[in-house]
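Report on one structure; see the data block that follows.
There are 2 protein chains.
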Amino acid sequence: MAEDTVDELRMLLQRTARRIRNNRADGTMSDTKMGVLFRLEGSPATPSQLAERERVTPPSMNRTLNVLEEAGLVSRAPDPDDARKVVVTITRAGEAVIAETRRLRTEWFSERLAELTPHERATLEAVIPVLRHIAEHE
Amino acid sequence: MAEDTVDELRMLLQRTARRIRNNRADGTMSDTKMGVLFRLEGSPATPSQLAERERVTPPSMNRTLNVLEEAGLVSRAPDPDDARKVVVTITRAGEAVIAETRRLRTEWFSERLAELTPHERATLEAVIPVLRHIAEHE
DNA sequence: TATTGTTATACTCTATAACTATA
DNA sequence: TATAGTTATAGAGTATAACAATA
């Protein structure tokens with residue numbers, strides 16, 4: 001693949017992601033906050049695990065969790081097996097926030113998809129496993 | 139395209155872009171700063187134009203320009219035709235910074251591409267015009 | 001009066017360093 | 001002694017409101 005092609009593809013991925021990110025349910029929800037909620041939707045996690053996944057420091061994640069907890073979107077509870085640890089769980093309200101965020105983002109993206117030809121949409125579907133490989137590297 | 143597919147594609151685009159963005163020449167360069175330098179690489183622009191393009195407020199852009207100017211990466215000059223306006227131009231040092239950033243990001247991305255099959259790389263090339271349509275909407 | 005740029009001030013997010021509690 | 005979480009403090013980025021200069 002030509003150097004220029006790599007360059008353009010890289011920039012297009014960034015710009016497309018930025019456009020998607022701008023469609024957020026609540027303007028006060030940062031990427032990290034949304035990332036935490038999305039992660040907790042699967043299962044509870046400790047603050048350290050969340051910090052590592054979001055690539056922020058533990059103190060920074062702690063502050064993020066304070067805000068999310070005060071907003072009633074997550075709850076903290078001591079780990080029964082290891083009293084040093086804390087288990088963070090998403091609340092019903094937190095689930096509602098990510099559902100709304102997902103709806104808004106997908107809505108905007110679906111509008112863009114509707115403007116494409118069937119062949120172009122097929123190309124997008126075909127690129128999914130390739131992006132998965134790149135995104136999940138390491 | 140199925141709802142779940144739209145959802146996964148959207149998240150994959152974001153995660154891939156985040157991985158790319160983490161490969162930045164200078165850790166002190168924010169997205170906005172890099173966006174300004176990349177934009178000015180093409181041609182000079184006014185602070186207002188830069189603010190609109192980066193989707194930040196004029197005061198915020200002004201502060202960003204102060205930092206970039208102090209670092210010697212851009213220069214400001216009065217517009218000869220309209221004394222209210224200011225023309226921002228990238229310097230040699232600024233061009234060097236984006237060249238290095240582009241090199242580092244493309245390097246990482248090229249390593250990921252090398253792990254793909256020829257067919258997968260062809261799929262990525264095919265998706266470029268589709269992403270262009272989505273990214274450049276509006 | 002409208003436009004362009006800027007300054008003043010405050011809030012959010014993040015980091016490093018230091019502290020507390022438990023294993 | 002090591003680990004998990006937290007608190008204290010500081011720096012960067014952004015926003016709103018207000019001000020200055022020019023069209």
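Chains as they are written, first to last, in the numbering used here: chain A, 1 to 138; chain B, 139 to 276. Here a beta-carbon is modelled for each residue, glycine too, at the ideal position from N, C-alpha and C. A quick note: this is a predicted structure, and the numbers were derived from the prediction, not measured.
Can you pull the DSSP bridge partners for residue i?
i	result
Ala93(A)	None, per the DSSP bridge assignment.
Is any beta-carbon of chain A found at less than 9 Å from that of residue i?
i	result
Ile236(B)	no
Ala273(B)	yes
Gln133(B)	Outside the shown range of chain B (139 to 276) lies residue 133(B), about which nothing can therefore be said.
Ile228(B)	no
Asp164(B)	no
Ser113(B)	Since the first and last residues shown for chain B are 139 and 276, residue 113(B) lies out of range.
Arg191(B)	no
Ala155(B)	yes
Val268(B)	yes
Leu151(B)	yes
Looking at the C-beta of residue i, does it have a partner C-beta in chain B at a distance below 9 Å?
i	result
Arg21(A)	yes
Met61(A)	no
Val139(A)	What the structure shows of chain A is the stretch from 1 to 138, and residue 139(A) is not part of that stretch, so it cannot be assessed.
Val127(A)	yes
Arg39(A)	no
Thr101(A)	no
Thr64(A)	no
Ser110(A)	yes
Among the options, which has the Cα closest to the Cα of residue i?
i	options	result
His271(B)	Leu113(A), Pro129(A), Val130(A), Ile134(A)	Leu113(A)
Ile139(B)	Glu136(A), Ile128(A), Thr5(A), Thr89(A)	Ile is not the amino acid found at residue 139(B); the sequence shown has Met there. The candidate whose alpha carbon is nearest that of Met139(B) is Ile128(A).
Arg177(B)	Leu262(B), Leu242(B), Thr255(B), Ile228(B)	Ile228(B)
Ala135(A)	Glu179(B), Gln152(B), Pro185(B)	Gln152(B)
Ala234(B)	Arg193(B), Glu179(B), Ala221(B)	Glu179(B)
Pro80(A)	Thr46(A), Thr106(A), Glu125(A)	Thr46(A)
Ala77(A)	Glu70(A), Val86(A), Glu69(A)	Val86(A)
If contacts are defined as beta-carbon pairs under 8 Å, then residue i and residue j qualify, I think. What distance do you get, rounded to the angstrom?
i	j	result
Leu9(A)	Ile98(A)	Contact doesn't hold; Cβ gap of about 29 Å is too wide.
Leu269(B)	Thr28(A)	About 29 Å separates the two Cβ atoms, so there is no contact after all.
Asp169(B)	Arg159(B)	7 Å
Ser186(B)	Pro196(B)	6 Å
If you scan the region 76-128 of chain A from start to end, which runs of the beta strand (DSSP E) of 3 or more residues do you find wholly inside it?
For the region 76-128 of chain A, whole beta strand (DSSP E) runs of length 3 or above, ordered along the chain, are 86-90.
Please go through the region 165-217 of chain B and give each complete beta strand (DSSP E) segment of 3 or more residues, from N-terminal end onward.
Whole beta strand (DSSP E) segments, 3+ residues: 212-216.
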